[in-house]
Every structure is written in structure tokens, then in C-alpha cells.
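Chains as they are written, first to last, in our numbering: chain A, 782 to 1137; chain B, 389 to 539. Working notes, structure below.
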């Protein structure tokens, strides 16, 4: 009776909920809970805590956290508490410490690690301070170069970005899963050696998404610019539209407009000029006619992109021109291509890429 | 001419012959190939995993013939391979590709110019290329580079 009504069972609640209490302790706990509102409240709190723990996803804790965790476990061991309860509390304490550590880490480092910036020439600045030799820069900070200065940024572990003169660029995110810059104006040259979609550059006209590549991207404050790819692929995206730019090709960028249609740099000048007119001035049939007639096999890169950008009535002309330049592969039908079926277009692009 | 070459390759592939198709690294659709000299794929082989592929770089450096064994790296997509440059930068070089699939053979000679592989003057065979064909390609490459072509 004394135990039931005057000694609360806080320390037994976890074991009780876990079914670890043996008789008669389990029965005594049940009887106590029936008549003790305080312990019933505590039981619900413990139950909710256990449910939360069970649904937590695993997060890698900072290495600096482990000494405190080990100390907490050691302290619990030295108390010689009952095994089950000790285990429960040790896990709970560890998780709480890990969560608190992760929260602190995230708060102290809002977007991950800091990247190394090295001066190449002149007087670049990083985070508002001059970079004399090398410095570090983190999320939210700007790197600026004047007309005579250049710098290079080590992008985490995946590559580097050279910052040309007259450039203003901000580190948006610096985490292992996302490396993101915002290019306000000027030019950068990126060399990335990583799986696709780990490195992004935002501009006023859209976002360059690395697909494993090397490229140069220039823009002015309004978003007028040029993307030139020298190795691999870059996807330039805006408003749900995308231009896939392979090595040797370029694409213009304009604000509030679909990404420019990519073209190979060795394409005929007449094709490039017509593309400029078609892409941004919508001059209509004449430009399309020139593009179609001037295209070489390799320019199916441009034609493939045009297929989904021209009016529906013109799609057939584009399809026929590609088909005249290179055989249509198995799995690609005219009907599906004109409907812009994504699978058909992907299949065709992958095949056409063998001529690019 | 280029169109005819591509059409010929494609027709051979559709006819079911075992052939090679070459492309720039972007054709592999894999970021690891971005620094490759070029990529190629086999066609007309029912089980690409069982095909045997090898490559050598054949060069002419200051008038001396040289041969370098190349590592051919298989890409994730079956039947697609990457060739990386590990031959010297100086001299004139072609890559000699050889492949077998069951009883079928395929060969190709891919000239390497200052800007990379030269698609237009690549040659494809239903057998390994002969030494005479390799020598002829090297000679043609040297002559065209001396004339300033392929630049």
C-alpha cells in the first residue's frame, strides 16, 4: 500500500511500457497508475517520447559531440541503475544530446561549411573583407572582384569556381548535398567532378544545374547572359523549362523568358542569327525556315530543343528535318514525338547525342 | 559525306551487324565520361556483357611508330565504353578499336586531332583493322594536320 500510494513509479514507467516489468512489480505499477493522476500523466509523456524516438530519422552528428555523449553514458553506468531503465535513458539522453548538438550546429552554421577562396589577381573581397592570400567564405557572404581582380573558390569537395574580373557572386548553400551560388553579375568558370545535381548557380534568368561538367556562365544584373559548356552537360532551367547544353555548345539566357535554345559553337552563323531571332524576338516562320535549312547533323541538338518550343503546327517540320538528317531510332514515333511525349523525347535525345 | 557515313553506320546497325558507333563523351550520359577522349558503343550484339573489347593508341612521333595499350572503361549503360587519353600529346595518333561478339568481329580506326577525335575520317570495319589500314590512317592524319586541317 505504501508503494502504491506514496511512492511514485516514474523510474519504472519506461520499463512498464516496454513490457519489461516482471510480476509482482507490473501488477503493482498498474494498480498505482489507476489511482495516481501524476504518474498517468508521466506515463503518457514517456509513451509520446518513445513514439517520437521510434519515428526519428538517423542524422549524422558532429564529431565534436561524441565526448559529451560518452561522458553521459559513463555517468549513467556509474549509477548502477536497473539495466532496462538505464538503457532507455541512455538512448534518450544520447538522442537528445545529438538533436541538441545538431540544432546548435545548424543554427551556428546555417548553410553548412565554409569554402576556401584564393586570390588569383588584384584585390578580390570575400564577406566584405579583402582577400590577400586565401580566406574562407560561408553561406550568405559575397565574393566581389573589380575590373582587375580574380579569385578561385574551392567548392566543398566537388570542384572549383574561378571568378572573373567584374563579378559579384554570393554563396547561397554550402552543404555536401547542395552547393549553390547566386551570380548577380560577371562571369564564373566552374569545374565540377561530382555526380549530377550537386552544384547550382542561380542567376536573374534561371538556374544552371551541373550534370557533371565544366562551363563558363556570364550574366548582367538583369539576367542577360551566356552559358558555354566545355565538358559534360549543364541544364539551364527557368519556370519549368529546361535547356540541356552539352560540351561544345552554348545557350543564351534572358530574364523572364525560356532558356535560350542551345547551339554548337561551330554551327553556321546564319543558323545562330536565326536562332537569336527565333528564340527571343519570335520573328516566326522565316527564322524557323533558316534554322531548318541550315542545320547539320550535329545541329539536331538545336532542332531537338526546337521541337518543344515551336508552335504545335510547326512541330512536324522540325521532326521531318531531324529525320532527314539522321535515322529516327526504334522506340521513337512521329506521333508520340509531336505530342511531346517525355519518354519519346528522352529516348530520341539519347540517340541523337551520339551525333553531338 | 558525313551524312552518308552516319546513314551507313545506322543501316549496318539496323541490319543486325556487330558494329561500333563513336561519339563525344556527352553521348555516354554519364558524368564520369566527361574527360574521356571519346566514347563508343557496340551495336548488334545480343549480350554486350559478353563482348570482348580492346583498344590501342597507334602513333607516329617524330617519324617513329609507337603503340600504347589503352584501358577501355565500361559505362553503366550496357555496351557503352569510354576511352581516355593516355598517349603522349606530341605526334600523330589514331585509336584502334577491336571487338568480338560470339563469332562476329568489329574494328574501327579513330583519328585524334588537335581538338579531339575526328568523327568524319573515322573508319569502321566488320573485322579488326589491318596494319596497312592503320598506317594509312596515320599517314592521312599527319598530312591533314600538316596542311592545317582538323584545327
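By construction, the Cβ of each residue, glycine as well, lies at the ideal position given by its N, Cα and C atoms.
For residue 464(B), there is no enclosing beta strand (DSSP E), since its DSSP letter is neither H nor E.
Around the beta-carbon of residue 1021(A), fewer than 16 other beta-carbon atoms lie within 10 Å, marking it exposed. The three-state secondary structure of residue 819(A), taken from DSSP, is helix. Within chain A, no residue has its beta carbon less than 8 Å from that of residue 476(B); the closest one is some 21 Å off.
Here the alpha carbons of residue 1019(A) and residue 1111(A) stand approximately 31 Å from one another. Of 976(A), 822(A) and 967(A), the smallest CA-CA separation from residue 960(A) is found for 976(A). Rounded to whole angstroms, the Cβ separation of residue 989(A) and residue 1017(A) is 5 Å, and the two are in contact under 8 Å.
The secondary-structure analysis by DSSP pairs residue 426(B) across a beta bridge with 471(B). Following the DSSP letters along the chain, one finds residue 982(A) in no alpha helix (DSSP H) but inside the beta strand (DSSP E) bounded by residues 980-984. Counting every other CB atom within 10 Å of its CB across the protein chains shown gives residue 1114(A) a total below 16, marking it as exposed.
Assigned with DSSP and collapsed to three states, residue 955(A) falls in strand. Residue 936(A) sits buried, since 16 or more C-beta atoms from the chains shown fall within 10 Å of its C-beta.
Contact of residue 1031(A) with chain B is not assigned, every C-beta pair being separated by 9 Å or more.
Counting only residues of its own chain and dropping the five nearest sequence neighbours on each side, residue 429(B) has a CB closer than 6 Å to the CB of 409, 467 and 468. Within chain B, the residues whose beta carbon sits less than 8 Å from that of residue 1028(A) are 412, 413, 414 and 422, listed in sequence order. By the Cβ neighbour-count rule, residue 418(B) is buried, with 16 or more other Cβ atoms within 10 Å of its own. Secondary-structure assignment with DSSP links residue 1045(A) through a beta bridge to 1030(A). When Cβ-Cβ separations below 9 Å define contact, residue 435(B) makes no contact with chain A. For residue 1053(A), there is no enclosing beta strand (DSSP E); the enclosing alpha helix (DSSP H) covers residues 1050-1057. Here residue 488(B) is near residue 439(B), since their CB atoms are less than 9 Å apart. Annotation for residue 1101(A): no residue places its beta carbon closer than 8 Å to its own, counting only its chain and skipping 5 residues before and after. None of the residues of the segment 956-969 of chain A has a beta carbon lying less than 8 Å from any beta carbon of chain B.
Between the C-alpha atoms of residue 1004(A) and residue 1035(A) there is a straight-line separation of about 5 Å.
Residue pairing by DSSP puts residue 484(B) in a beta bridge opposite 444(B) and 497(B). Under the 9 Å criterion on CB atoms, residue 988(A) is classed as non-interfacial with respect to chain B. The secondary-structure analysis by DSSP pairs residue 960(A) across a beta bridge with 955(A) and 980(A).
In the three-state DSSP reduction, residue 912(A) falls in the coil class, being neither helix nor strand.
Residues of chain B whose Cβ lies closer than 9 Å to the Cβ of residue 977(A) are, in chain order, 419.
Under the Cβ distance rule, residue 938(A) does not count among the residues neighbouring chain B, no pair being separated by less than 9 Å.
Residues of chain A whose Cβ lies closer than 7 Å to the Cβ of residue 430(B) do not exist; the shortest such Cβ separation is about 12 Å.
Against residue 1134(A), the close residues of chain B are 411, 412, 414, 415, 416 and 417, in the order they occur along the chain (beta-carbon pairs closer than 9 Å). Residue 1074(A) has a beta carbon lying at 9 Å or more from every beta carbon in chain B. Identification of chain B residues near residue 1012(A) by a Cβ-Cβ cut-off of 8 Å yields 413, 422 and 423, ordered along the chain. Nearest CB-CB separation between residue 992(A) and chain B: below the 9 Å threshold.
Closest by C-alpha distance to residue 1096(A), out of 948(A), 1121(A), 970(A) and 1080(A), is 1121(A). Pairing residue 414(B) with residue 471(B) gives a Cβ-Cβ distance that is not under 9 Å.
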